[in-house]
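Below is one structure, written out as structure tokens, with a few remarks after it.
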Amino acid sequence: MSVNPAIVSAANEKSSLKIPGHIGIIMDGNGRWAKARGLGRAEGHRAGVEAVRRTVELCISYGVECLTLFAFSSENWRRPPDEVNFLFGLLRRFVASDLARLMRQNVQVRIIGDRASLDPGLRAVIEDVEAKTAGNTGLNLIIAFNYGAKSEIVAAVKAIAAKAAAGEIDPAAIDQNTLATHLSTVGLPDPDLIVRTSGEMRLSNFLLWQSAYAELVFVEENWPDFDESVFVRALRAFTERDRRFGGIGT
Ligand code: FPP
Numbered sequence: 192m193s194v195n196p197a198i199v200s201a202a203n204e205k206s207s208l209k210i211p212g213h214i215g216i217i218m219d220g221n222g223r224w225a226k227a228r229g230l231g232r233a234e235g236h237r238a239g240v241e242a243v244r245r246t247v248e249l250c251i252s253y254g255v256e257c258l259t260l261f262a263f264s265s266e267n268w269r270r271p272p273d274e275v276n277f278l279f280g281l282l283r284r285f286v287a288s289d290l291a292r293l294m295r296q297n298v299q300v301r302i303i304g305d306r307a308s309l310d311p312g313l314r315a316v317i318e319d320v321e322a323k324t325a326g327n328t329g330l331n332l333i334i335a336f337n338y339g340a341k342s343e344i345v346a347a348v349k350a351i352a353a354k355a356a357a358g359e360i361d362p363a364a365i366d367q368n369t370l371a372t373h374l375s376t377v378g379l380p381d382p383d384l385i386v387r388t389s390g391e392m393r394l395s396n397f398l399l400w401q402s403a404y405a406e407l408v409f410v411e412e413n414w415p416d417f418d419e420s421v422f423v424r425a426l427r428a429f430t431e432r433d434r435r436f437g438g439i440g441t
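If you're matching positions, the sequence shown starts at 192 in my numbering and goes up one per residue.
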């Protein structure tokens, strides 16, 4: 039986990679992708949803346990209302149209961010997908929507302060774990790798507490062009990092 050298080399490449347990992605550059093609920004966001589907498949295939995608930041309200509405519609349609596929893929979905200010229809859709996928045991897909890390930390501090005032928590006993367990990511491991596309190099209020020891990888491609070759390049960069968590390494 002959062996296809390309398949063997791809398998070797895959097995030589360290796979992060949790990847966070700041999906950036949809607008620039569209502009470069003479298209409207909405087309860039539509192509961005295709990249979301590809990335979920890639994470499943490479054995990543958690994927957090930054889909709408609390600062994105500054965009024109039409674009804001379009992004809300995209999330709603993604959740509705991809639910069957996410179930087949055994994906558990969690949406983090401030949902109180979302319209009740969108809230209901979000609650529905979370409830229907809650029993799935494969990839954890976390979608950060109307999310901002500073607000998340403030909300956690308020909740802890209220418990302290009610005598439920001893202020002297408050530690890092207390704060972590009051964040929207409670129960999830911290991200090991944060990827941002489109060449921008900042965190933009994404998972600030949780990313304390994440490796940061910035790639030049715009989000709609995110594919297996870019994914593997980010994993290669992660594999080559020496993670010391403040220690002196091995
Ligand atoms: C950044 O590109 C992208 C966003 C603000 C939205 C990301 C949303 C999606 C990919 C689609 C919805 C997601 C899901 C999970 C269904 P930009 O508009 O800032 O691009 P630019 O910087 O080039 O203008």
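Don't be surprised by glycine CBs; every beta carbon is placed ideally from N, CA and C.
Would you give the residue range spanned by the alpha helix (DSSP H) that Ile351 belongs to? Your numbering for residue 351 matches position 160 in the sequence shown. Its alpha helix (DSSP H) spans residues 340 to 356.
Are the beta-carbon atoms of Glu234 and Ala242 separated by less than 8 Å? Translated into positions along the sequence shown, residue 234 becomes position 43. Translated into positions along the sequence shown, residue 242 becomes position 51. No, the Cβ-Cβ distance between Glu234 and Ala242 is not below 8 Å.
Helix, strand or coil for Glu241 per DSSP? In the sequence shown, residue 241 corresponds to position 50, counting from 1. Glu241: helix per DSSP, three-state reduction.
Quick check: is any heavy atom of ligand 1 less than 7 Å from the C-beta of Ser375? Within the sequence shown, residue 375 is the residue found at index 184, counting from 1. Checking every heavy atom of ligand 1 against the Cβ of Ser375, none is found closer than 7 Å.
Distance, Cα to Cα, Arg232 vs Lys349? As a first step, residue 232 must be located in the sequence shown, where it is residue number 41. As a first step, residue 349 must be located in the sequence shown, where it is residue number 158. Rounded to whole angstroms, the gap between the alpha carbons of Arg232 and Lys349 is 38 Å.
Check whether the Cβ atoms of Val421 and Leu330 sit closer than 8 Å, and answer yes or no. For this step, residue 421 is matched to residue 230 along the sequence shown. For this step, residue 330 is matched to residue 139 along the sequence shown. No, the Cβ-Cβ distance between Val421 and Leu330 is not below 8 Å.
For Gly222, which residues from the same chain have a beta carbon less than 7 Å from its beta carbon, with the 5 sequence-adjacent residues on both sides left out? Here residue 222 refers to the residue found at position 31 when the sequence shown is read from its first residue. Taken in chain order, the residues that qualify are Arg232, Gly235.
Touch test, the region 298 to 306 against the region 335 to 344, Cβ-Cβ under 8 Å, three pairs minimum: Under the 8 Å Cβ criterion, the region 298 to 306 counts as touching the region 335 to 344, having at least three qualifying pairs.
If we call anything under 8 Å between Cβ atoms a contact, is Leu399 one with Lys341? If you number the sequence shown from 1, residue 399 lands on position 208. If you number the sequence shown from 1, residue 341 lands on position 150. Result yes, Cβ atoms of Leu399 and Lys341 sit closer than 8 Å.
Among the candidates Ser395, Ile385, Asp416, Asn396, whose CA atom is the shortest distance from the CA of Tyr404? Walking along the sequence shown from the start, residue 404 turns up at place 213. The candidate whose alpha carbon is nearest that of Tyr404 is Ile385.
Quick one: any contact between the region 385 to 395 and the region 357 to 375, if contact means 3 or more CB pairs under 8 Å? no
If we ignore side chains and look at the alpha-carbon of each, how far apart do Gly215 and Phe261 end up? By one-based count along the sequence shown, residue 215 stands at place 24. By one-based count along the sequence shown, residue 261 stands at place 70. If I take the Cα positions, the gap works out to 8 Å.
Helix, strand or coil for Gln367 per DSSP? If you number the sequence shown from 1, residue 367 lands on position 176. Helix at Gln367.
Going by DSSP, which residues form a beta bridge with Asn331? Translated into the one-based positions of the sequence shown, residue 331 becomes position 140. DSSP, once it has assigned bridges, lists Cys257, Gln299 as partnering Asn331.
Hey, would you say Glu204 sits closer than 8 Å to Val423, going by beta carbons? In the sequence shown, residue 204 corresponds to position 13, counting from 1. In the sequence shown, residue 423 corresponds to position 232, counting from 1. Result yes, Cβ atoms of Glu204 and Val423 sit closer than 8 Å.
Tell me whether Arg432 is buried or exposed, calling it buried when 16 or more other Cβ atoms sit within 10 Å of its Cβ. Looking up residue 432 in the sequence shown gives position 241. The residue in question, Arg432, is exposed, as its Cβ has fewer than 16 Cβ neighbours within 10 Å.
In whole angstroms, give me the CA-to-CA distance for Ser389 and Asp289. As a working note, residue 389 is residue 198 in the sequence shown. As a working note, residue 289 is residue 98 in the sequence shown. One C-alpha to the other measures close to 26 Å.
By how many angstroms is the C-alpha of Gln401 removed from the C-alpha of Glu359? Taking the sequence shown and counting its residues from 1, the one referred to as residue 359 is at position 168. Taking the sequence shown and counting its residues from 1, the one referred to as residue 401 is at position 210. Taking the straight line joining both Cα atoms gives about 25 Å.
Ligand 1 and Phe285: does the residue's C-beta get closer than 7 Å to at least one heavy atom of that ligand? Along the sequence shown, read from residue 1 onward, the residue named residue 285 stands at position 94. At least one heavy atom of ligand 1 lies less than 7 Å from the C-beta of Phe285.
If you measure from the CB of Asn267, is any heavy atom of ligand 1 nearer than 7 Å? Looking up residue 267 in the sequence shown gives position 76. Asn267 Cβ: within cutoff of ligand 1.
I'd like to confirm something about His213: is its beta-carbon nearer than 7 Å to some heavy atom of ligand 1, or not? Sequence index remark: in the sequence shown, residue 213 carries index 22 (1-based). Every heavy atom of ligand 1 is 7 Å or more from the Cβ of His213, so no.
Should Glu406 and Arg434 be called a contact, given that it needs their Cβ atoms to be closer than 8 Å? The count along the sequence shown starts at 1 and reaches residue 406 at position 215. The count along the sequence shown starts at 1 and reaches residue 434 at position 243. Yes, these two residues count as a Cβ contact at 8 Å.
Applying the criterion that 16 or more other CB atoms from any shown protein chain within 10 Å of the CB defines a buried residue, is Ile439 buried or exposed? Here residue 439 refers to the residue found at position 248 of the sequence shown. So Ile439 counts as exposed.
Measuring CA to CA, which of Ala238, Phe429, Gly229, Arg228 is closest to Trp414? Position 223 of the sequence shown, counted from the first residue, corresponds to residue 414. Among Ala238, Phe429, Gly229, Arg228, the Cα nearest to that of Trp414 belongs to Ala238.
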